[in-house]
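See structure below.
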RNA sequence: GCCCCCGUAGCUCAGUUGGACAGAGCAGCGGUUUCCUAAACCGCGUGCCGCAGGUUCGAUUCCUGCCGGGGGUACCA
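Residue numbers (my numbering): 444 to 1043.
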């Protein structure tokens, strides 16, 4: 990120002021600490209350260095800043207790920010942080022959948004769906299908029927241990390429993918690559051989393992006692494969926190192999692997579990949300033409937003009334605000002029809106830094909130202070602001993977 | 037992390079519209920031211990 020019100017001016006020200390300290603009720049923070200024420098910690008390320091330095190259500048510096607060000239900020947005359009907020870097994002990764349930909602939505966020910051972002299409579970499916499924018509609702078989298997296996042995055997057969097992597996896979794609399409989720665990089958032997040559493989209790040399980590299993591989084998193999293919700057695994230990194991094993093979440190990649974990999606009091048959199908959630949105439209805007398309946008917007409304580490309880809520901090609130902005622009009916008079936007409400617009690029960077679209989502809520307050502000006589009035210059300025907000909300929603309706 | 995450208003959550009076949404009560889309906006909130110590000029924020909730802990993923 380029340095903020206002902050840079502040840092420069204040550093000089410090030198001027405390020449003795400056003599001793040289260009250290407060006498160094870079130091000041790095120590700036944002005041809690925007009325105190755009940014601030707390001076408490300099008391000792300067031999003065904080309020006195602030006062003297603020005073010296005024007469020290500050005249005619755009940053005003004031002392407040132990803080030096900086105000940026309002109309300048308004003009610059709005013009940036008007000229840049949806490119506003673009950055080159990721120039030349590839960000590989694995997300969704649903399991074949299992339902696409709300348990997979979070990874799908978080990953989809993260990919867009990284792309916006200049990364080459690659979205990858790594299907769970291999493993012992398919042994279970095969056994179950052979016992109870031969007669089923799988031309419709195939996944639902397969899931029933899976649930039945687990239920009967509780009392019939032999079933699990049969399942392990069936999976081993599958790995050995036994034709009838492979044929069944392929059938389950094809049927599942067809259903998943329907859901992805509806949600607007896209991938650059859809692959799966099975694609690694022919690479695992090579991987194990490589580990063996590096001296990392040992045998334990009949299984093939990598001892991770860490008392807190169990060994990574390469092969079970029966010779079959595990997902750890495949993930380790996959990590090397991904690196060979993409040479990524970072590879994100957007997977629930339950698998934290698993990924620690895989990443650790990868690092051990690189070290054992003597890969030069600069060419290693294990440290580039990053598990972006997130909390449970809980349903009522119970965990969701496919095995227990405790499932909420994502499609059911979507349909419910759409139906509810439809009712709401009929009630609120019965004349809306594109009612079906709009209801879909809104219903899905609500569901999607619900997954990004809190920081990803939190468990989220899946409550129908919250996911399907259209009021308050929700997706539809953002969409509604966007529709309202579009409506204003339609009513205005003319082109938005870039030569508006920014001085007419000096009101309190307008300033809050402009600040939120100015801070948008920073919110995107925060989201990327924390691997969490939440930061963009919450900033959108903030922007919509300050705009709506501006929109409904009343004059002293108690009337709405309308944006479109009979004062041409005022209207022009306000419409420029409206357009800027509309552009930013539209772009913010796009980053979240949520559609922005023009009417609703 | 050990490891990880969490513990802020009735509920769901912000507040995280330590800083200026701890903030939103929901729920509740009361308002705002001769309609620039009211899916909105305004007003009404003293909460042991889980508890106890410590570091600091300053701790919801960092450290230690404890309590409570969740997850994980080699042949499922």
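For every residue, glycine included, the Cβ atom is placed at its ideal position computed from N, Cα and C.
Contact between residue 691 and residue 633 holds, with the beta-carbon distance rounding to 5 Å and staying under 8 Å. In this structure, the beta-carbon distance from residue 968 to residue 1019 does not fall below 8 Å. Residue 462 places its beta carbon less than 8 Å from that of residue 469. Listed in chain order, the beta strand (DSSP E) runs fully inside the segment 475-520 are 498-501, counting runs of at least 3 residues.
For residue 619, the closest C-alpha among the options 681, 494, 787 and 653 is that of 787. Shown here for residue 986: same chain residues with a beta carbon closer than 6 Å to its own, the five before and five after excluded, namely 959 in chain order. Between residue 572 and residue 961, the C-beta gap is not smaller than 8 Å, which leaves the two residues out of contact.
Looking at the DSSP output, residue 761 shares a beta bridge with no other residue.
Residue 912 sits away from residue 945, with the two beta carbons spaced by 8 Å or more. Residue 852 carries a strand assignment under DSSP once its states are collapsed to helix, strand and coil.
Between the segment 638-651 and the segment 613-627, the count of Cβ pairs shorter than 8 Å is below three; the stretches do not touch. Between the alpha carbons of residue 575 and residue 617 lies a distance of about 13 Å. DSSP places residue 719 in the uninterrupted beta strand (DSSP E) bounded by 716-719. In chain order, 748, 749, 751, 771, 775, 804, 805, 807 and 808 place their CB closer than 8 Å to the CB of residue 759, counting only its own chain and leaving out the 5 sequence neighbours on each side. Annotation for residue 1025: 925, 928, 929 and 932 place their beta carbon closer than 7 Å to its own, counting only its chain and skipping 5 residues before and after. If you look at residue 934, you'll find it in the alpha helix (DSSP H) that goes 918-935. Counting along the chain, the unbroken alpha helix (DSSP H) around residue 603 starts and ends at 596-611.
DSSP lists 833 as the bridge partner or partners of residue 795.
By the beta-carbon neighbour count (other beta carbons within 10 angstroms, threshold 16), residue 978 is buried.
Note: residue 622 is bridge-paired with 719 in the DSSP secondary-structure output. In the structure shown, the three-state DSSP call for residue 997 is strand.
It is roughly 34 Å from the alpha-carbon of residue 863 to the alpha-carbon of residue 1017. In this structure, residue 1043 and residue 829 do not form a Cβ contact; the two beta carbons are roughly 38 Å apart against a cut-off of 8 Å. In this structure the segment 495-507 lies against the segment 530-549, because at least three pairs of beta carbons, one per stretch, are closer than 8 Å. Across the structure, residue 628 and residue 656 are spaced so that their CA atoms are roughly 12 Å apart. The segment 851-858 and the segment 589-603 touch, with three or more beta-carbon pairs separated by less than 8 Å. In the three-state DSSP reduction, residue 453 falls in the helix class (H, G or I). Nearest Cα to residue 906 within the set 898, 856, 481 and 886: 856. Taking every protein chain shown into account, the CB of residue 998 has fewer than 16 other CB atoms within 10 angstroms, so this residue is exposed. In this structure, the beta-carbon distance from residue 608 to residue 882 does not fall below 8 Å. Secondary structure at residue 888: helix, using DSSP grouped into helix, strand and coil. Inter-residue distance for residue 865 and residue 878 is about 7 Å (C-alpha atoms, whole angstroms).
The DSSP-derived three-state label of residue 585 is coil. Judged by DSSP in its simplified three-state form, residue 647 adopts coil rather than helix or strand.
Under the three-state reduction of DSSP output, residue 939 falls in the coil class, being neither helix nor strand. The C-alpha of residue 699 lies about 13 Å from the C-alpha of residue 717.
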